[in-house]
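S.K.: The sequence shown runs 310 to 939 under this note's numbering.
Glycine included, each C-beta is placed from N, C-alpha and C at the ideal position.
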Amino acid sequence: MSAYAETYRRSIADPEAFWAEQAATLRWSKKWQRVLDAGSSPSRPTWHWFAGGELNTCDNALDRWIDEGRGEQAALIYDSPLTGTQTTFSYRQLRDRVARFAGALRANGVDTGDRVVIYMPMVPEAAIAMLACARIGAVHSVVFGGFAAPELAKRIDAAEPVLIVSASCGIEPGRIVEYKPLLDQAIELATHKVRRTIILQRPQSLAAMTAGRDVDWQDAVAAAQPAACVPVAATDPLYVLYTSGTTGKPKGVVRDNGGHAVAMRYSMGAVYDCGTGDVFWAASDVGWVVGHSYIVYGPLLAGCTTILYEGKPVGTPDAGAFWRVISQHKVKSFFTAPTAFRAIKKEDPRGELLKQYDLSQFRTLYLAGERCDPDTIDWAAAQLQRPVIDNWWQTELGWPAIANPRGIEALPVKAGSASVPVPGFDVQVLDADGQVAAKGEIGNVAIKLPLPPGTLTTMWNNEQGYIDNYLTRYPGYYLAGDAGYVDDDGYFWVMSRIDDIINVAGHRLSTGAMEEVLASHPDVAECAVIGAADALKGQVPIGLVVLKTGVGKSHEQIAGELVARMREQIGAVAALKQIAVVARLPKTRSGKVLRATMRAIADGKDYAMPATIDDPQVLVEIGAALRTKR
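What follows is the structure, given as structure tokens:
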């Protein structure tokens, strides 16, 4: 049996022994009584990992490495092409900053178990604030910096924080985003009234302070005494991270301390092939789950050097920005969203900028956030001459559930597949009746309960919502909300959200498969396919494509070529006859394409402006393009 197969078998057959082994790599102040405390209740199955155990996440991320002689190793590198700033913090320096800010939180009324909302740009202080909360056992809830005031107010009301940590501004290419007025407005809108904020004044724009409520970051730190780590129960919450709910009410994913720390450390080695001393970079934002798991907690819990990057894949200054960071900081493993590589491919399709940099220390590229089309994977692999690894997971899961486990065994790459279930995740594809679907048959991705450590334990103040959203459809399983299939080799192909499986004249078709066809065209940089309502066929697909820079063909010629490709590769049943060439696709700030919103526009339905949208103007442009196709 291969190394992966044996490891996976053990994780499913004897999860308590398996996870006890992984937990032993952490520093516990009190050992657990039960590795898995599983029970049942009339409403739902329950399970808790490492019940009875106590530890501190910040202690395991920082202090333990200093005690083990790694205090002078680089812990965090801040690289900001937007401000021209680079700063490196050793483990000792970062621990001291975190301890002092934890003392500032204490001095301003934050106690163990209290919530703290963090509304910050990509600066070191964002990570420091997160770790400081963990240090004293407070529960942080990070909200993406620059979020609109009404959406921030919803999260304030949901989390009920005793304090908010923010900054005067964020910085985007060519503009300053004033955070403080947005925060002031959100506090005014919120029903829950916050009496204290700590504000980081950035030199690019100083904010007006509200007397009696706002405290300057530097003043708070100067007046504080360093705080020691507070042991908390493994089952106590570490953070609440809100995702956009379908009802408009944000869903607060709850992550515990013990299971999360165990899963983060394990995944850094098993999935991302990184350990103590390695340089790991996740190009994301602390407002998203990737930022929590793989900018802050995962790398530090594994003793790596992590990079916090304030910039873009293109435009800061060009499409070689990622290569510069990887070369300069000797990155071993790099993780970003597929949309970032599509942007690079669009601007530099022949990889000319890549040739300027020495990537000799670089080993593997990891992509996740939305499905990565095979063409983008093949392009990246050809340019980098390195393995390009897709991996599938969600905010709710917290770490990869399907991936190529490079740290256990490097499996063959199949472009378009996220590969195989990660140890601990019993992933299945189920049909409408809850039976395991046949090989090659599209069904609903589900994970057999109990979920492994590091996954959500519930939704904050919304237990019923957790049950209804995830546990009701298939009793005994977690419903992921994605559709896909398993091939004959046991590889999983997660094709789209369940809502993106469209029904064309009785045929269930994956928009992800159609997008693969469009993306394979040599002139297409990125694309999306949506299903629009049709009186005759139920639904018909509409393709939206963004072209690479420098394409000379007419839009009509390219559309004709794409329709022909679709007929050749999927067949006439796809019925894709409408192609719109657009300048850009509407996306969230984490890079996900807003397909559901485009569907609503195509069907002439009312829609709410998504809170996470990167640029609302794009929807105006898309609306105009879709109207010409209906």
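Where do the N-terminal and C-terminal ends of the beta strand (DSSP E) with C478 fall, by residue?
M.R.: Per DSSP, C478 belongs to the beta strand (DSSP E) from 478-481.
S.K.: Please report the Cβ distance between W701 and S899, rounded to the nearest whole angstrom; I am assuming they are in contact, meaning their Cβ atoms lie under 8 Å.
M.R.: Actually they are not in contact, since the Cβ atoms of W701 and S899 sit about 15 Å apart, beyond 8 Å.
S.K.: Starting from V697, trace the beta strand (DSSP E) both ways and give me its first and last residue.
M.R.: 697-701
S.K.: Please go through the same chain and pick out, in chain order, the residues whose beta-carbon is closer than 7 Å to the beta-carbon of I321, but skip the five residues on each side of it.
M.R.: D735
S.K.: Along the chain, where does the beta strand (DSSP E) that runs through G840 open and close?
M.R.: 833-843
S.K.: Rounded to whole angstroms, how far is the Cβ of L461 from the Cβ of V503, which I believe are closer than 8 Å?
M.R.: With a Cβ gap of about 11 Å, L461 and V503 do not count as contacting.
S.K.: Do the CB positions of G455 and V486 come within less than 8 Å of each other?
M.R.: yes
S.K.: Return the CA-CA distance between T858 and G821, expressed in angstroms with no decimal places.
M.R.: Computed Cα separation, rounded: 24 Å.
S.K.: Might you give, ordered along the chain, the residues of its own chain that have their beta carbon closer than 7 Å to the beta carbon of R464, omitting 5 neighbours on each side?
M.R.: Excluding positions up to five away in sequence, the list reads V426, S450, V452, Y551, P559.
S.K.: Taking just the CA atoms, how far does Y800 sit from E325?
M.R.: 26 Å
S.K.: Which residue or residues does DSSP assign as beta-bridge partners of F644?
M.R.: A591, Y675
S.K.: Using CA atoms only, rank isn't needed, just tell me which of R409, A712, G362 is closest to L335.
M.R.: G362
S.K.: Identify the continuous alpha helix (DSSP H) that holds K463 and give its terminal residues.
M.R.: 458-468
S.K.: List the DSSP bridge partners of L830.
M.R.: For the sequence presented, residue 830 should be read as His rather than Leu. Answer is none; H830 lacks a bridge partner.
S.K.: Measuring straight from C-alpha to C-alpha, what distance separates A747 and A411?
M.R.: Put simply, the backbone Cα of A747 is about 53 Å away from that of A411.
S.K.: Just grab the DSSP bridge partners of I686 for me.
M.R.: DSSP lists no partner for I686.
S.K.: In whole angstroms, what is the alpha-carbon distance linking N566 and D627?
M.R.: For N566 and D627, the gap between their C-alpha atoms comes out near 39 Å.
S.K.: Where do the ends of the alpha helix (DSSP H) carrying W526 lie?
M.R.: 526-531
S.K.: Can you list the beta strand (DSSP E) stretches of 3 or more residues lying completely in the segment 488-564, in chain order?
M.R.: 506-509, 523-525, 546-552
S.K.: Excluding five sequence neighbours on each side, which residues of the same chain lie with their C-beta closer than 7 Å to the C-beta of V795?
M.R.: V738, K748, F801
S.K.: Can you give the Cα-Cα distance for R633 and T397, rounded to whole angstroms?
M.R.: 16 Å
S.K.: Pull up the CB-CB distance for D940 and S726, whole angstroms please, since I reckon it's below 8 Å.
M.R.: Coverage of the chain is limited to positions 310 through 939, which leaves residue 940 absent and any answer about it impossible.
S.K.: So for Q692, helix, strand or coil by DSSP?
M.R.: helix
S.K.: Consult DSSP for S726 and reduce its assignment to one of helix, strand or coil.
M.R.: coil
S.K.: Given a cut-off of 8 Å on the beta-carbon distance, is the pair G414 and P482 in contact?
M.R.: Before going on, a small fix: residue 414 reads as Leu here, not Gly. The answer is no: Cβ separation not under 8 Å.
S.K.: If we count the other Cβ atoms within 10 Å of its Cβ and call it buried at 16 or more, is N753 buried or exposed?
M.R.: Burial call: buried.
S.K.: I'd like the span of the beta strand (DSSP E) that includes L739, first residue to last.
M.R.: Counting along the chain, the beta strand (DSSP E) containing L739 begins and ends at 736-739.
S.K.: Which class does R936 belong to by DSSP, given the choice of helix, strand or coil?
M.R.: helix
S.K.: Would you list the residues sitting across from L853 in a DSSP beta bridge?
M.R.: A837, A889
S.K.: If we ignore side chains and look at the alpha-carbon of each, how far apart do G607 and S576 end up?
M.R.: 8 Å
S.K.: Please return the same chain residues whose Cβ sits closer than 6 Å to the Cβ of S389, not counting the five positions on each side in sequence.
M.R.: E619
S.K.: So, at 6 Å on beta carbons, what are the nonlocal neighbours of T614 in its own chain, with the 5 sequence-adjacent residues on each side left out?
M.R.: A383, V588
S.K.: Which two residues bound the contiguous beta strand (DSSP E) that contains M439?
M.R.: Here M439 belongs to no beta strand (DSSP E); instead the alpha helix (DSSP H) covers 433-445.
S.K.: For V854 and I810, what's the separation of their Cα atoms in angstroms?
M.R.: V854 and I810 have their C-alpha atoms spaced approximately 19 Å apart.
S.K.: Thinking just about the alpha-carbon of each residue, which of T645, N770, H830 is nearest to the one in L856?
M.R.: L856 has its Cα closest to that of H830, out of T645, N770, H830.
S.K.: Can you give, in chain order, each stretch of the beta strand (DSSP E) that sits fully within the segment 731-816 and has at least 3 residues?
M.R.: 736-739, 752-757, 786-795, 801-806, 810-813
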